[in-house]
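Notes to accompany the following structure.
Numbering (the numbering used here), first residue to last: 786 to 1151.
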């Protein structure tokens, strides 16, 4: 039993550290997922809508707090610091996440809980089972807590806390350290818009009261069709399904145009929330690229009026395109982001706080 207790401690600790670390690499991704939950609960529980809407502007802070809590609690388990308190908090955390994943699975509300960020995609029921497994091992830790001796390892917890805050702050200001999104450097947007595999199915047929599986639809008409099951649902889905660029009143296919030649896009999901602290560097970059073979666009989901006011206030004289806000939030984990494409392949991506100069842009192009 002592072995099981220590195994549970190490297993749960590693899982929580792994989960927290992945999400701290991209806290804005977790922020977006939290906003989805807040919107769902505000709709499903209208009598609490004000409460859920209150948290929407605070979602980023909640994201960093929850991710940090996960990692720090995992460290507490591994180094056996305040283990009893940490275990109770872990239990409360798993109960909370278990409720979210069950609600998502049962009511089919948020189809990806974001438990492991963009690194590992889990379906809602899989996420719920994962939470129940963690709860089982946490209960073992609490049941067998007498076998653990608290150690003077608070320094390790303090180091992990500082590390979490540093990583989260860096990711918010300078983009994720490891970008696992389909719009990352090196990714080809057109390729990501195609499924990795053709759909594969198996067929459940019945004859004479007996069922049988077929990998191809039988030509024998005496078999009665019962069910068709897709075998490669994830692989048969394109990583990108909603990428589009357009301009009000313009007939040009800007999506297709973005895959031709060299395109530098200044991406701002909402101009109202854009960080203009480094707008002078962006303005200088736009000026330096004029007359070159690099086409520069400003892309946002804001209204035409809002975008034009922003361009006028910040003295940016480039075409303004529109795109879906979810696409832009996936491309740009900061606001704004400078995004460089060549023939549809991502060659560079920068937060506005490290806006490149003309020479750096050209160094990324072939």
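Think of the CB as a built atom: it goes at the ideal place given N, C-alpha and C, for glycine as much as any other residue.
Whole angstroms are fine: how far does the CA of residue j sit from the CA of residue i?
i	j	result
residue 1078	residue 1061	26 angstroms
residue 1149	residue 1023	27 angstroms
residue 1128	residue 1050	14 angstroms
residue 812	residue 804	12 angstroms
residue 846	residue 1010	52 angstroms
residue 1115	residue 1104	21 angstroms
residue 1118	residue 808	13 angstroms
residue 930	residue 1020	44 angstroms
residue 837	residue 830	9 angstroms
residue 991	residue 985	20 angstroms
residue 1134	residue 1124	5 angstroms
residue 961	residue 1036	35 angstroms
residue 1138	residue 1064	9 angstroms
residue 1143	residue 1151	14 angstroms
residue 905	residue 1076	43 angstroms
residue 890	residue 834	22 angstroms
residue 999	residue 966	36 angstroms
residue 981	residue 1045	22 angstroms
residue 1074	residue 959	23 angstroms
residue 995	residue 1054	56 angstroms
residue 907	residue 1102	43 angstroms
residue 1008	residue 983	26 angstroms
residue 1082	residue 816	27 angstroms
Taking Cβ to Cβ, would you say residue i is nearer than 8 angstroms to residue j?
i	j	result
residue 1107	residue 1086	yes
residue 1136	residue 1146	no
residue 793	residue 857	no
residue 1231	residue 1027	Residue 1231 is absent from the model: the chain starts at 786 and stops at 1151.
residue 841	residue 821	no
residue 909	residue 878	no
residue 1130	residue 973	yes
residue 875	residue 914	no
residue 1089	residue 1033	yes
residue 1080	residue 1048	yes
residue 1140	residue 1093	no
residue 977	residue 810	no
residue 1056	residue 1095	yes
When the Cα of residue i is compared with those of the options, which residue comes out closest?
i	options	result
residue 852	1073, 1096 and 800	800
residue 854	950, 1039 and 821	950
residue 795	848, 823, 925 and 827	925
residue 1052	1112, 1036 and 1003	1112
residue 1001	1126, 947 and 989	989
residue 1132	941, 970, 1073 and 1066	970
residue 975	1042, 983 and 984	1042
residue 870	839, 791, 927 and 818	927
residue 860	1071, 948 and 980	948
residue 844	818, 832, 827 and 828	818
residue 797	1081, 965, 1101 and 862	862
residue 1029	1005, 1089, 810 and 1084	1084
residue 789	979, 932 and 895	932
residue 1100	823, 968 and 1068	1068
residue 814	979, 1006 and 848	848
residue 850	888, 832, 806 and 828	806
residue 942	802, 787 and 791	802
residue 872	828, 993, 1025 and 791	791
residue 979	1025, 825 and 997	1025
Runs of alpha helix (DSSP H) lying entirely within the stretch 913-964, each at least 4 residues, in chain order
If we require 4 residues or more, the alpha helix (DSSP H) runs fully inside the stretch 913-964 come out as 939-959.
Would you check if the stretch 952-959 and the stretch 1007-1018 touch, i.e. whether three or more CB-CB distances between them fall below 8 angstroms?
Segment contact: the stretch 1007-1018 against the stretch 952-959, fewer than three CB-CB distances shorter than 8 angstroms; contact not assigned.
Pair every Cβ in the stretch 932-947 with every Cβ in the stretch 856-875, then say whether three or more of these pairs are closer than 8 angstroms.
Yes: the two stretches touch, three or more of their Cβ pairs being nearer than 8 angstroms.
Is the stretch 868-883 touching the stretch 914-924, taking contact as three or more C-beta pairs under 8 angstroms?
Yes, the stretch 868-883 is in contact with the stretch 914-924.
Can you list, in chain order, the stretches of the beta strand (DSSP E) that have 3 or more residues and sit fully within the stretch 807-870?
Uninterrupted beta strand (DSSP E) stretches at least 3 residues long and entirely within the stretch 807-870 do not occur.
Enumerate, from N- to C-terminal direction, the unbroken alpha helix (DSSP H) stretches of 4 or more residues contained entirely within the stretch 958-1036.
Those alpha helix (DSSP H) runs which fall completely within the stretch 958-1036 and span 4+ residues are 974-977.
Which ranges does the alpha helix (DSSP H) cover as unbroken runs of at least 4 residues, wholly within the stretch 1050-1106, from first to last along the chain?
For the stretch 1050-1106, the continuous alpha helix (DSSP H) assignments of 4+ residues that do not extend past its boundaries occur at 1064-1074 and 1089-1098, in sequence order.
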